[in-house]
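S.K.: So that we are looking at the same thing, I have put the structure below in C-alpha cells.
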Amino acid sequence: MSAVPITNDATAPQPALVAHDVRKSYPAGKGTVEILHGITMGVSFGEMVAVMGPSGSGKSTLLYCLAGLEDATSGEVTILGIPQSSLSRADRAKLRRSEVGFVFQAYNLIPTLTAYENVALPYLLRRDPIPDDLIRGTLAAVGLGERIEARPTSMSGGEQQRVALARVLAQQPRLVFADEPTGALDTRSGQVVLDELTKIAHQPDRCVVVVTHDPSVAARCDRVVFMRDGLLVDELTRPTIEQVAAALTTLTATKAGS
Numbered sequence: 007m008s009a010v011p012i013t014n015d016a017t018a019p020q021p022a023l024v025a026h027d028v029r030k031s032y033p034a035g036k037g038t039v040e041i042l043h044g045i046t047m048g049v050s051f052g053e054m055v056a057v058m059g060p061s062g063s064g065k066s067t068l069l070y071c072l073a074g075l076e077d078a079t080s081g082e083v084t085i086l087g088i089p090q091s092s093l094s095r096a097d098r099a100k101l102r103r104s105e106v107g108f109v110f111q112a113y114n115l116i117p118t119l120t121a122y123e124n125v126a127l128p129y130l131l132r133r134d135p136i137p138d139d140l141i142r143g144t145l146a147a148v149g150l151g152e153r154i155e156a157r158p159t160s161m162s163g164g165e166q167q168r169v170a171l172a173r174v175l176a177q178q179p180r181l182v183f184a185d186e187p188t189g190a191l192d193t194r195s196g197q198v199v200l201d202e203l204t205k206i207a208h209q210p211d212r213c214v215v216v217v218t219h220d221p222s223v224a225a226r227c228d229r230v231v232f233m234r235d236g237l238l239v240d241e242l243t244r245p246t247i248e249q250v251a252a253a254l255t256t257l258t259a260t261k262a263g264s
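Going by this note's numbering, the first residue of the sequence shown is number 7, and it counts up by one from there.
Written out as C-alpha cells, the structure reads:
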C-alpha cells in the first residue's frame with residue numbers, strides 16, 4: 007500500500023523514502039518468525055506520516071528497517087534515491103549520520119553532560135566545530151533555552167525527551183523517525199515535541215515518520231497507515247481524531263477476534 011507514486015521516470019519527483027516488499031524475520035528456536043510480511047510504502051518530502059496498529063503488529067520493527075537501523079531480511083528500502091542494499095555497512099552508517107535522525111522511546115542522554123553538551127555530542131564525537139548558535143536556538147525552540155546547563159538527573163521526563171529531540175534537530179537531518187515520541191510525556195511537553203516534528207515535516211526537503219498509539223498525534227499527520235500482523239491494512243489522509251480512533255478500534259477488535 008502506498009499513496010506515494012513510485013516511478014522509474016528520472017525527471018519525476020522521487021519520494022524521500024520507499025520501502026518495497028520489505029520482510030523482516032528473527033531467529034526463533036530452530037526456525038524463524040517473520041514480523042514484517044512484505045511492506046510496500048513511500049513517504050514524500052514535506053510529509054508527516056504516522057504508523058499505527060495494535061501492540062505486536064510490527065510498527066517499531068518497520069520504523070527501524072525504514073531508518074536503516076535494522077536490515078530487512080528481504081525487499082528493499084531506498085533512502086533519498088539510494089537503495090540501501092547497494093551500500094556497504096560503513097556507507098549506510100555514513101548516510102544515517104548525515105541524513106537520518108531517530109527519536110527513540112528511551113531518551114539515551116548522558117547523565118553527566120548538560121543539555122547543551124548532550125545536544126552537541128554528535129559534533130564532539132565527529133570532532134566537528136560546534137555550531138553554538140544552532141544548538142542554543144534548537145534548545146530554545148523546544149522550550150529549554152533556560153535549561154541549557156541542566157543535567158538529565160535534574161530534568162523531568164518531558165524535558166529529557168525534548169533534549170533528545172533537540173539533539174536530533176541540531177543535526178538537521180532530512181528524514182526524521184520517531185518511536186512513540188510523546189508516549190510518556192505530559193500534555194505540554196508532548197505538544198512541544200509534536201509541534202517541532204510537524205514544523206520539520208512540512209519543510210520541502212524533509213519528512214517525518216512517527217509510530218504512535220495516540221489518535222491526537224496521528225491526526226496531526228498528513229497520512230496515517232495502519233498495521234496488523236506485519237501488514238499494512240488501511241490508510242487515512244488528513245484524518246480527524248475521531249476517524250483515527252475509529253479505525254484503530256476496528257483494527258484492535260479484528261485482531262482480538264481473529
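The C-beta atom is built at its ideal place from N, Cα and C for all residues, glycine as well.
With DSSP collapsed to three states, give me the class of Glu-40.
M.R.: As a position in the sequence shown, residue 40 is number 34, starting the count at 1. Strand at Glu-40.
S.K.: So, Gly-164 versus Asp-134, is the Cβ gap smaller than 8 Å?
M.R.: As a first step, residue 164 must be located in the sequence shown, where it is residue number 158. As a first step, residue 134 must be located in the sequence shown, where it is residue number 128. Taking 8 Å as the cut-off, the beta carbon of Gly-164 is found no closer than this to the beta carbon of Asp-134.
S.K.: Closest to Thr-46 by C-alpha separation, out of Lys-36, Arg-29, Thr-246 and Ala-156, would be which residue?
M.R.: In the sequence shown, residue 46 corresponds to position 40, counting from 1. When each option's Cα is compared against that of Thr-46, the closest is Arg-29.
S.K.: Quick check on DSSP: helix, strand or coil for Glu-53?
M.R.: Here the question's residue 53 lines up with position 47 in the sequence shown. Three-state result, Glu-53: strand.
S.K.: Apply the 10 Å Cβ neighbour rule to Ile-116 and answer buried if 16 or more other Cβ atoms are within range, or exposed otherwise.
M.R.: The residue labelled residue 116 in the question sits at position 110 within the sequence shown. Exposed: under 16 other Cβ atoms inside 10 Å.
S.K.: Drop a sphere of 10 angstroms on the beta-carbon of Ile-206, count the other beta-carbons inside from all chains shown, and report buried for 16 or more, exposed for fewer.
M.R.: Sequence index remark: in the sequence shown, residue 206 carries index 200 (1-based). Its Cβ being crowded by 16 or more others within 10 Å, Ile-206 is buried.
S.K.: Under a three-way DSSP split, which group does Tyr-84 fall into?
M.R.: Against the sequence shown, residue 84 aligns to sequence position 78. According to the sequence provided, residue 84 is Thr. The question's Tyr does not apply to it. Three-state result, Thr-84: strand.
S.K.: Please find out if some non-hydrogen atom of the ligand MN comes closer than 7 Å to the beta-carbon of Thr-144.
M.R.: No copy of the ligand MN appears in this structure; indeed no ligand is present at all.
S.K.: Is the beta carbon of Gln-166 closer than 8 Å to that of Pro-179?
M.R.: What you label residue 179 is simply residue 173 of the sequence shown in a count that begins at 1. What you label residue 166 is simply residue 160 of the sequence shown in a count that begins at 1. Not closer than 8 Å, so no.
S.K.: Can you tell me which of the three DSSP states Leu-145 falls into?
M.R.: Here residue 145 refers to the residue found at position 139 of the sequence shown. Helix.
S.K.: Give me the DSSP bridge partner(s) of Leu-23.
M.R.: As a position in the sequence shown, residue 23 is number 17, starting the count at 1. DSSP output for Leu-23 lists Val-49 and Ile-85 as bridge partner(s).
S.K.: What distance in whole Å lies between the Cβ atoms of Val-217 and Val-57, which are believed to be in contact at a cut-off of 8 Å?
M.R.: Start at 1 with the first residue of the sequence shown, and residue 57 comes out as number 51. Start at 1 with the first residue of the sequence shown, and residue 217 comes out as number 211. The Cβ separation is near 5 Å, so the contact holds.
S.K.: Specify the secondary structure class of Cys-227 as computed by DSSP and reduced to three states.
M.R.: Counting from 1 along the sequence shown, the entry for residue 227 is found at position 221. Here Cys-227 sits in coil by DSSP.
S.K.: Assuming Leu-23 and Gly-52 make a contact with CB atoms under 8 Å, what is their CB distance in whole Å?
M.R.: As a position in the sequence shown, residue 23 is number 17, starting the count at 1. As a position in the sequence shown, residue 52 is number 46, starting the count at 1. So it is not a contact: roughly 12 Å between Cβ atoms.
S.K.: With respect to the alpha helix (DSSP H) encompassing Gly-107, which residues constitute its N-terminal and C-terminal limits?
M.R.: Working through the sequence shown from its first residue, we reach residue 107 at position 101. Segment 106 to 109 is the beta strand (DSSP E) holding Gly-107; no alpha helix (DSSP H) there.
S.K.: Count the other CB atoms, across all protein chains shown, that sit within 10 Å of the CB of Asn-124; report buried if there are 16 or more and exposed otherwise.
M.R.: Residue mapping note: residue 124 aligns to position 118 of the sequence shown, counting from 1. Buried, by the Cβ-count rule.
S.K.: Please classify Arg-29: does DSSP put it in a helix, a strand, or coil?
M.R.: One-based indexing of the sequence shown puts residue 29 at position 23. Residue state for Arg-29 is assigned as strand, using DSSP reduced to three classes.
S.K.: Of all the options Gly-64, Leu-93 and Thr-188, which has the alpha carbon lying nearest to the alpha carbon of Ser-222?
M.R.: Counting from 1 along the sequence shown, the entry for residue 222 is found at position 216. When only C-alpha atoms are compared, the closest one is Thr-188.
S.K.: What number of angstroms, rounded off, separates the C-alpha of Val-39 from the C-alpha of Thr-79?
M.R.: Here residue 39 refers to the residue found at position 33 when the sequence shown is read from its first residue. Here residue 79 refers to the residue found at position 73 when the sequence shown is read from its first residue. The straight-line gap from Cα to Cα measures roughly 11 Å.
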